[in-house]
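For the first sequence, the residue numbers in our numbering are 2 to 116.
The C-beta atom is built at its ideal place from N, Cα and C for all residues, glycine as well.
Notes follow the structure.
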Amino acid sequence: MTTEFAEKIYSQLKKVPKGKVITYKALAQSIGTKAYQAVGTVMKNNPYAPEVPCHRVVATNGTIGGFKGKKSGKAILEKIGMLQKEGVKTENGKIKNFEKVVYTFNSTCCAEERT
DNA sequence: CTCGTGACTTACG
DNA sequence: ACGTAAGCCACGA
2 MTTEFAEKIY
12 SQLKKVPKGK
22 VITYKALAQS
32 IGTKAYQAVG
42 TVMKNNPYAP
52 EVPCHRVVAT
62 NGTIGGFKGK
72 KSGKAILEKI
82 GMLQKEGVKT
92 ENGKIKNFEK
102 VVYTFNSTCC
112 AEERT
């Protein structure tokens, strides 16, 4: 079971196409909340693991955020690896071409996904 | 219900 | 640029 709040996040996050990322800020705002931190909190639950690629979510400044080898869990590190596989390259725990891979619900949708 | 923590962000020093 | 402080909301005990 999940909370409505979480479901909103998951719903939006699932909209993010492959090879792209989204910031907690944009994600939080998209669901109509200012609790950026709460976003990350529900991410931990992530009951929709493959459907909700939490690793695809990054900090507002383009950094990976807490995914790094801090203490959150090495499992997250694995996600980062696969994130790069999808096309989102990273450098020193930060997104490369962040502006190119960043995704927003207000901008063009799946620009690269559509042929 | 109250307290504590958090995968966050913004601002000030 | 880095560190500390305050604000925000949700979840766990």
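Taking the alpha-carbon of Tyr171 as reference, which of Val22, Gly67, Lys15 and Gly94 has the nearest alpha-carbon? Because the chain is modelled from 2 through 116, residue 171 falls outside the range shown and cannot be assessed.
Opposite Glu92 in the DSSP bridges: which residues? Mapped onto the first sequence, residue 92 falls at position 91. Note: Glu92 sits in a beta bridge opposite Lys95.
Sort Glu87, Pro48, Tyr37 and Ile81 by Cα distance to Met2 and report the nearest one. Residue mapping note: residue 2 aligns to position 1 of the first sequence, counting from 1. Considering only alpha carbons, the answer is Pro48.
Span separating the alpha-carbon of Lys35 from that of Leu28: Position 34 of the first sequence, counted from the first residue, corresponds to residue 35. Position 27 of the first sequence, counted from the first residue, corresponds to residue 28. Whole-angstrom Cα-Cα distance: 10 Å.
Exposure of Thr91, with buried meaning 16 or more beta-carbon neighbours within 10 Å: Taking the first residue of the first sequence as position 1, residue 91 is located at position 90. Burial of Thr91 is indicated by the presence of at least 16 other C-beta atoms within 10 angstroms of its C-beta.
Compare the C-alpha of Lys101 against each of Tyr11, Met83 and Lys19 and name the closest. The count along the first sequence starts at 1 and reaches residue 101 at position 100. For the options Tyr11, Met83 and Lys19, the alpha carbon positioned closest to that of Lys101 is the one of Lys19.
Just verifying my parser: in three-state terms, what is the DSSP assignment at Ile23? Against the first sequence, residue 23 aligns to sequence position 22. Ile23: strand per DSSP, three-state reduction.
Rounded to a whole number of angstroms, what is the C-alpha to C-alpha distance between Gly82 and Gly33? Within the first sequence, numbered from 1, the residue matching residue 82 stands at position 81. Within the first sequence, numbered from 1, the residue matching residue 33 stands at position 32. Straight-line measurement puts the Cα of Gly33 at about 31 Å from the Cα of Gly82.
Using a Cβ-Cβ cutoff of less than 8 Å, which residues in the same chain neighbour Ala60 once the five nearest sequence positions on both sides are dropped? Reading the first sequence from its first residue, position 59 is the one you call residue 60. Hits under 8 Å: Thr24, Tyr25 and Gly66.
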